[in-house]
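*Asks:* After the structure tokens below, expect a handful of questions from me.
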Amino acid sequence: MNYRRILAAIAFTPLILTAAACGNTESTPAAQSPQQTVTVTESQGANATGTADQPAPAGTPTSTNTAPTAGIPTKPSRDDANVDARDFQTAPGEYNFISPSGNVWCAIRTNSNAGETRFGCQARRSVPGSSGVTCRNTNSHEYAVKIQDGRVIQFCTTQGIFVAQNPRTLNYGQTIMVQGDSCTSTTEGITCYEGPGFIISRDQNKILP
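Now the structure itself:
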């Protein structure tokens, strides 16, 4: 009797194990794919549509007027004199000329004594001098400038002190020199030097170092 029970128990054991195995079976979840991190680098100059901006076209160069302009001449050397002073002599020891416009009249005097005007110019029309002198721009009250005793003096004149009959024109680009005193004619005006100098024209009236 006991022998039969043992056999029955042995026979029933695999069934129990099989049932237990089936009851405890769980589906293994599929392995999750590893997450990928994507780094997006924004390209420089990208616009809102995602396309790169095109380089800005080069700006149009600003036009520059490179035409030469006449400046105030510096003190010339003897080699810069390009006219014969004798052609401008109007009296012994006196040389006169006018500007091409006829506005400025000048005289260089080599026979002046100490305290007398060495040379100078006067203008029918000009502007107040850099020293503050203001004239009326009339025939009886003209702007004038002179070099006397090594000094440049701006003043008003009521007489034609630097005027001569039939003076020769000192054309643009010409320089006259008499015993170291010089005057040059340019479109800027008449520029004269002894030690110091001056320029005078319709638009300028300056003392120069």
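Read in order, the letters of the sequence shown correspond to residues -19 to -1, 1 to 190 in mature numbering (1 follows the signal peptide of the UniProt record, and there is no 0). By construction, the Cβ of each residue, glycine as well, lies at the ideal position given by its N, Cα and C atoms.
1. Once DSSP output is grouped into helix, strand and coil, what is the label at Q185?
2. So, at 7 Å on beta carbons, what are the nonlocal neighbours of R149 in its own chain, with the 5 sequence-adjacent residues on each side left out?
3. Check whether chain D comes within 8 Å of Y153, counting only Cβ atoms and requiring the distance to be less than that.
4. Who are the Cβ neighbours of A66 in its own chain at under 7 Å, not counting the five residues just before and after it?
5. Restricting to Cα atoms, I'd like to know which of R99, V114, F136 is closest to A88.
6. Taking 7 Å as the cut-off, is the CB of Q160 close to at least one heavy atom of the ligand MG?
7. Helix or strand or just coil, what does DSSP make of F179?
8. Count the other C-beta atoms from every protein chain shown that fall within 10 angstroms of the C-beta of R104, then say buried if there are 16 or more, exposed otherwise.
*Replies:* According to the data block:
1. coil
2. D68, F69, F78
3. In the structure shown, chain D does not exist; there is a single protein chain.
4. Y76, I157, M158, V159
5. R99
6. As far as ligands go, the structure on display features none, and thus does not contain the ligand MG.
7. strand
8. Correcting the residue identity first, residue 104 is Ala in this sequence and not Arg. Result: buried.
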